Amino acid sequence: MTTESARVADAVRRRVLEHTLRNNGGYLSQACSSADILATLYLRVMRFGPSIAPLIPRAFAGVPSRENPDAFTGAGYNGARAPELDRFIFSPVHYALVLYALLIELGRLGPDALQRFNTDGSTVELIGAEHSPGHEVTAGSLGQALSQAGGIALARRLRGESGRVWVFMSDGEFQEGQTWEAFAALAHHRIGNLGVYIDANAQQCDGPMADVMTIEPLADRLRAFGAEVHEVDGHDGDALAAPALARLSTAAPTAAAPTRPLVVIARTDPCCGIELLRERAPKLHYLRFKTRAEQDAYEDLLEHWQGRTP
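The working numbering puts the last residue of the sequence shown at 310; the count rises by one with no breaks.
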């Protein structure tokens with residue numbers, strides 16, 4: 001039986017494929033690899049209230065500063081802040097299209113929001129920033145968001161808040177030195193109210209990770225940096241949810257608070273659900289159609305997909 005998270009993930013891939021066809025380009029492989037992770041996080045792991053943000057995304061109001069009271073973040077799409085609710089930090093901001101598609105499928109963002117994608121003055125940006133739907137911080141270059149998330153988690157612990165901080169990352173970010181500095185800081189400050197989910201699809205913009213600069217054995221390295229690490233099938237919702245649910249189930253009032261960050265390495269397939277993408281291997285980072293025949297093949301795939309019984 002198809003679970004709700006698997007159904008939503010499938011719909012996210014289809015929506016990103018539709019967008020890619022309309023715009024002759026898109027981060028399609030990222031949708032293939034990460035849709036199950038993000039759907040599981042939103043539907044089974046993270047504790048959010050209803051969205052408090054408009055279904056039609058607001059226009060860009062300028063960068064945050066003391067002189068700009070109109071500035072805002074996209075965190076409202078994840079609900080209001082409350083001590084007992086979670087916070088979500090989205091790190092690989094080139095995956096923004098995937099997050100927008102997910103928010104639409106969950107009813108947190110309007111169905112027409114992608115019409116504003118990557119247009120001048122829009123917050124629905126190609127590369128998400130703090131004002132983009134579902135985003136809370138500007139992650140900048142890869143590897144910066146984890147440091148921000150660690151600071152937020154430490155502040156929440158000092159305030160006595162029970163809500164956790166969850167971070168979604170790509171495996172390419174583990175080629176960045178700041179990522180490892182952040183994990184060293186998490187271990188030093190014994191930050192146990194933070195969880196990290198990694199889309200380990202073994203790909204980056206220049207090709208396979210192993211050819212560009214390997215990060216393996218990633219699990220062993222993270223354990224050496226003080227994390228509690230689990231490796232799972234990134235397309236199995238039960239396996240994805242299990243480490244986080246186990247951590248939550250031990251958080252009884254009398255239990256000792258965890259002192260290590262939780263890391264789930266989700267081993268994923270960058271062509272999951274769209275086998276046609278394998279013809280592009282090993283360069284899968286961004287899909288732009290090279291020929292009319294190639295575009296027609298993806299159009300046929302989408303037509304077949306839309307004709308399937310839900």
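Glycine residues also receive a C-beta, built at the ideal position from the N, C-alpha and C atoms.
A quick note: this is a predicted structure, and the numbers were derived from the prediction, not measured.
- Annotated as distal: Phe-72 and Gly-121, with beta-carbon spacing of 8 Å or more.
- Beyond the five residues adjoining it in sequence on each side, Arg-247 comes within less than 6 Å, by CB distance, of Leu-262 in the same chain, given in chain order.
- DSSP, read as helix, strand or coil, puts His-230 in strand.
- The beta carbons of Ala-82 and Gly-163 sit closer together than 8 Å.
- Exposure of Asp-220 is indicated by the presence of fewer than 16 other C-beta atoms within 10 angstroms of its C-beta.
- Bridge pairing for Val-263: Val-196 and Val-229 [DSSP].
- Between the region 189-202 and the region 154-163 there are three or more C-beta pairs closer than 8 Å, enough to call the two in contact.
- For the pair Pro-270 and Ser-33, the CB atoms are nearer than the 8 Å cut-off.
- In terms of CA proximity to Gln-295, Leu-21 leads the group Leu-21, Ser-5, Val-16 and Val-12.
- In this structure, the straight-line span from the alpha carbon of Ala-241 to that of His-235 is close to 11 Å.
- Taking every protein chain shown into account, the CB of Ala-210 has fewer than 16 other CB atoms within 10 angstroms, so this residue is exposed.
- Ser-170: member of the beta strand (DSSP E) spanning 165-170, first to last residue.
- Taking C-beta atoms under 8 Å as the contact rule, Trp-305 and Arg-14 qualify, at a distance of about 6 Å.
- Relative to Asp-36, the option among Gly-273, Pro-208 and Gly-226 whose CA is nearest is Gly-273.
- For the pair Ile-89 and Thr-138, the Cα-to-Cα distance works out to about 9 Å.
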